[in-house]
Amino acid sequence: MVSTSYLITVAAVAGVVFVPGPAIYLFVALTSIGLYVPFSLQVTLAQDYLPTRVGTAGGITLGLMAGVGGLTSPVIGSIADATSLRTALTPLIAMPALSWLLFRTLPEPAVPKPLLEDRGEETAQKTGSRSTERSSR
57 MVSTSYLITV AAVAGVVFVP GPAIYLFVAL TSIGLYVPFS LQVTLAQDYL
107 PTRVGTAGGI TLGLMAGVGG LTSPVIGSIA DATSLRTALT PLIAMPALSW
157 LLFRTLPEPA VPKPLLEDRG EETAQKTGSR STERSSR
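FYI, the numbering for the sequence shown is 57 to 193, going by the working numbering.
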């Protein structure tokens with residue numbers, strides 16, 4: 057789902073940059089959808105990579121996304137002021153393509169043992185041994 061979304065976003069951003077007229081609204085909508093769909097999946101994936109630090113993984117993922125967007129917006133605006141909006145937005149076509157390529161190289165996250173299940177077994181063993189001791193008295 058994530059990789060498909062990235063590929064759709066490549067075409068959608070290219071449409072925003074190169075398609076004139078009212079059809080641009082369709083490509084803006086497709087770009088928005090293509091960027092929004094993998095958002096929660098990216099956070100969940102980061103949490104899968106750091107199962108004991110889910111808050112840290114979510115915070116870094118969201119913070120990095122917002123931080124990079126905030127830092128690049130003025131740069132893109134400056135390029136657009138100096139040249140044209142099309143020139144400034146053209147490099148953005150490569151970003152979802154780069155994301156797609158990098159996403160394909162990620163290994164599957166390890167599946168951790170459920171922590172509560174382990175604790176439940178230990179509790180059951182302790183409770184079971186106590187009940188056995190009580191019944192033998």
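Cβ coordinates follow ideal geometry from the N, Cα and C atoms, glycine included.
No experiment lies behind these values; they were computed from the predicted model shown.
Here DSSP, grouped into helix, strand and coil, assigns Met57 to coil. One thing to note: Thr143 has its Cβ within 8 Å of the Cβ of Ile135. With a cutoff of 8 Å on beta-carbon distance, Leu97 and Thr65 are scored as not near each other. Taking the CA atoms as reference points, Val75 sits about 32 Å from Thr117.
Distance from the CA of Gln103 to the CA of Ala68, rounded to the nearest whole angstrom, comes to 28 Å. Straight through space, the alpha carbons of Gly119 and Ala150 are spaced by roughly 22 Å.
The beta carbon of Thr139 lies closer than 6 Å to none in the same chain, with the five residues before and after it left out.
In the three-state scheme derived from DSSP, where H, G and I count as helix and E and B as strand, Arg109 is classed as coil. Put simply, of Ala85, Leu101, Val167 the residue whose alpha carbon is nearest the alpha carbon of Val58 is Leu101. Under the DSSP assignment, Ser140 falls outside any alpha helix (DSSP H); it carries neither an H nor an E label. Per DSSP, Pro152 is one residue of the alpha helix (DSSP H) stretching across 150 to 161.
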